[in-house]
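Line by line, the protein sequences are chains A and B. One point on numbering: in my numbering, the residue at position 22 of the first sequence is 22, and numbering is uninterrupted. My numbering runs 113 ahead of the 1-based position in the second sequence. All C-beta atoms, glycine included, are put in the ideal place defined by N, C-alpha and C.
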Amino acid sequence: AQSVSQHNHHVILSEAASLELGCNYSYGGTVNLFWYVQYPGQHLQLLLKYFSGDPLVKGIKGFEAEFIKSKFSFNLRKPSVQWSDTAEYFCAVNPLRGNKLTFGGGTRVLVKP
Amino acid sequence: DTGVSQDPRHKITKRGQNVTFRCDPISEHNRLYWYRQTLGQGPEFLTYFQNEAQLEKSRLLSDRFSAERPKGSFSTLEIQRTEQGDSAMYLCASSSEGVPGYTFGSGTRLTVV
Chain A
1 AQSVSQHNHH VILSEAASLE LGCNYSYGGT VNLFWYVQYP GQHLQLLLKY FSGDPLVKGI
61 KGFEAEFIKS KFSFNLRKPS VQWSDTAEYF CAVNPLRGNK LTFGGGTRVL VKP
Chain B
114 DTGVSQDPRH KITKRGQNVT FRCDPISEHN RLYWYRQTLG QGPEFLTYFQ NEAQLEKSRL
174 LSDRFSAERP KGSFSTLEIQ RTEQGDSAMY LCASSSEGVP GYTFGSGTRL TVV
C-alpha cells in the first residue's frame with residue numbers, strides 16, 4: 001500500500017518569503033501526484049497535479065511542484081508568498097491504475113503580514 | 114460552489130445515536146468517494162463507488178458504518194451507534210473514470226457528545 005509523508009507539520013513565514021513544502025511517497029509503481037490546499041473554513045481544492053511529462057508542474061496562484069522520481073518526492077514551491085496563502089496543504093498520490101488517493105498528514109502554513 | 118454538495122454541514126449527536134449524511138456528486142462523475150478527516154490529519158479513505166457498485170472499503174469502515182449509492186447518483190453514509198471516536202469531518206469527493214483527481218465537497222462535521 002502506498003503512503004505519503006509531509007516533512008513539516010507547521011510552517012510560519014513572512015509575506016514575500018519563499019515557501020517549499022516537502023512530500024515523499026512510498027510506492028513501487030507509477031503514480032499520479034497532487035497537491036491540495038484547504039483555506040480556513042473552506043473545502044479541499046486542487047492546487048496542481050502531475051501525471052506524466054515535464055516533472056516541473058505549475059498550478060494555480062503561482063505554485064509549482066517538482067517530481068523527482070529517484071527521490072520519490074513531489075515538493076511544492078512558491079517564490080513569494082502572500083498573507084492569503086495561509087492554509088493547510090496536502091500532498092496526495094494514487095497509483096496510475098488505482099482509484100484511491102492517499103494523503104499526507106498536511107502542513108499548516110501561516111503567512112504573517 | 115464546488116459542485117459536490119454535502120448535507121448537513123454540521124451534525125451534533127449523542128453517543129449511541131445513528132446519523133446519516135448525504136453527498137450529491139458532480140452529475141457527470143461516475144465515481145464517488147468517502148473520506149474521514151480528523152484534526153491535524155490528512156483525509157483517510159473510507160470507501161469508493163463506481164456508479165452504484167461499492168468497489169472498495171477501508172478497514173477503517175467498521176460494521177457500524179454503511180454507505181450506499183442506490184442509483185449511481187447521490188450517496189449516503191450512515192453511522193450506527195455513534196461513538197466519540199467517530200467525531201470527525203466526513204468528506205465526499207467525485208471524479209470521472211479515467212480522469213485522475215477528485216473534486217471535494219465541503220464536508221459534514223460530526224460531533225459526538
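Beta carbon proximity, residue i to chain A, threshold 9 Å
{"i": "Leu204 of chain B", "result": "yes"}
{"i": "Ala216 of chain B", "result": "Contrary to the premise, residue 216 of chain B reads as Thr rather than Ala in this sequence. Output row for Thr216 of chain B: interface = yes."}
{"i": "Arg135 of chain B", "result": "no"}
{"i": "Leu168 of chain B", "result": "yes"}
{"i": "Gly220 of chain B", "result": "yes"}
{"i": "Pro213 of chain B", "result": "yes"}
{"i": "Gln130 of chain B", "result": "no"}
{"i": "Gln163 of chain B", "result": "yes"}
Whole-angstrom distance between residue j and residue i, CA atom to CA atom
{"i": "Thr127 of chain A", "j": "Gly98 of chain A", "result": "There is no way to answer for residue 127 of chain A, as the model of chain A reaches only from 1 to 113."}
{"i": "Tyr89 of chain A", "j": "Leu190 of chain B", "result": "26 Å"}
{"i": "Ile125 of chain B", "j": "Val226 of chain B", "result": "7 Å"}
{"i": "Tyr146 of chain B", "j": "Arg194 of chain B", "result": "22 Å"}
{"i": "Lys49 of chain A", "j": "Leu76 of chain A", "result": "11 Å"}
{"i": "Phe234 of chain B", "j": "Asp137 of chain B", "result": "A query on residue 234 of chain B cannot be resolved here, the shown segment of chain B reaching from 114 to 226 and no further."}
{"i": "Val57 of chain A", "j": "Glu66 of chain A", "result": "6 Å"}
{"i": "Leu168 of chain B", "j": "Ser207 of chain B", "result": "14 Å"}
{"i": "Asn164 of chain B", "j": "Lys112 of chain A", "result": "45 Å"}
{"i": "Thr102 of chain A", "j": "Lys127 of chain B", "result": "31 Å"}
{"i": "Cys23 of chain A", "j": "Ser171 of chain B", "result": "23 Å"}
{"i": "His43 of chain A", "j": "Gly214 of chain B", "result": "15 Å"}
{"i": "Pro121 of chain B", "j": "Val37 of chain A", "result": "22 Å"}
{"i": "Thr199 of chain B", "j": "Val212 of chain B", "result": "Note that residue 199 of chain B is Asp in the sequence shown here, rather than Thr. Whole-angstrom Cα-Cα distance: 31 Å."}
{"i": "Val117 of chain B", "j": "Gly62 of chain A", "result": "26 Å"}
{"i": "Thr216 of chain B", "j": "Gln6 of chain A", "result": "22 Å"}
{"i": "Leu21 of chain A", "j": "Ile60 of chain A", "result": "16 Å"}
{"i": "Pro156 of chain B", "j": "Lys100 of chain A", "result": "11 Å"}
For residue i, the first and last residue of its enclosing beta strand (DSSP E)
{"i": "Leu223 of chain B", "result": "Thr221 to Val225"}
{"i": "Glu20 of chain A", "result": "Leu19 to Leu21"}
{"i": "Gly120 of chain B", "result": "Gly is not the amino acid found at residue 120 of chain B; the sequence shown has Asp there. Residues Ser118 to Asp120."}
{"i": "Trp147 of chain B", "result": "Arg144 to Gln150"}
{"i": "Ala87 of chain A", "result": "Ala87 to Pro95"}
{"i": "Gln6 of chain A", "result": "Ser3 to Gln6"}
{"i": "Cys206 of chain B", "result": "The sequence as given places Ala at residue 206 of chain B; Cys does not occur at that position. Taken as a continuous stretch (DSSP letters only), the beta strand (DSSP E) holding Ala206 of chain B covers Ala201 to Ser208."}
{"i": "Val57 of chain A", "result": "Leu56 to Lys58"}
{"i": "Arg77 of chain A", "result": "Ser73 to Lys78"}
Closer than 9 Å to chain B by CB, residue i
{"i": "Phe90 of chain A", "result": "yes"}
{"i": "Lys49 of chain A", "result": "yes"}
{"i": "Gly105 of chain A", "result": "yes"}
{"i": "Tyr27 of chain A", "result": "no"}
{"i": "Thr102 of chain A", "result": "yes"}
{"i": "His7 of chain A", "result": "no"}
{"i": "Val4 of chain A", "result": "yes"}
{"i": "Asn24 of chain A", "result": "no"}
Any chain E beta carbon closer than 9 Å to residue i
{"i": "Gln82 of chain A", "result": "Looking at the structure shown, chain E is missing, and the protein chains on hand are A and B."}
Q. Of the residues that make up the segment 135-158 of chain B, which ones have a beta carbon closer than 9 Å to any beta carbon in chain A?
A. From the segment 135-158 of chain B, only Arg144, Tyr146, Tyr148, Gln150, Gly153, Gln154, Gly155, Pro156, Glu157 and Phe158 have a Cβ closer than 9 Å to chain A.
Q.
Residues of the segment 59-82 of chain A in Cβ contact with chain B at a cutoff of 7 Å, in chain order, please.
A. Taking 7 Å as the Cβ-Cβ cut-off against chain B, none of the residues of the segment 59-82 of chain A qualify.
Q: At 4 residues or longer, and completely inside the segment 133-187 of chain B: list those alpha helix (DSSP H) runs for me, N to C.
A: You should have found no qualifying run.
Q: With 7 Å as the C-beta to C-beta threshold (strictly closer), list the residues of the segment 36-48 of chain A near chain B in chain order.
A: Correct list: His43, Leu44 and Leu46.
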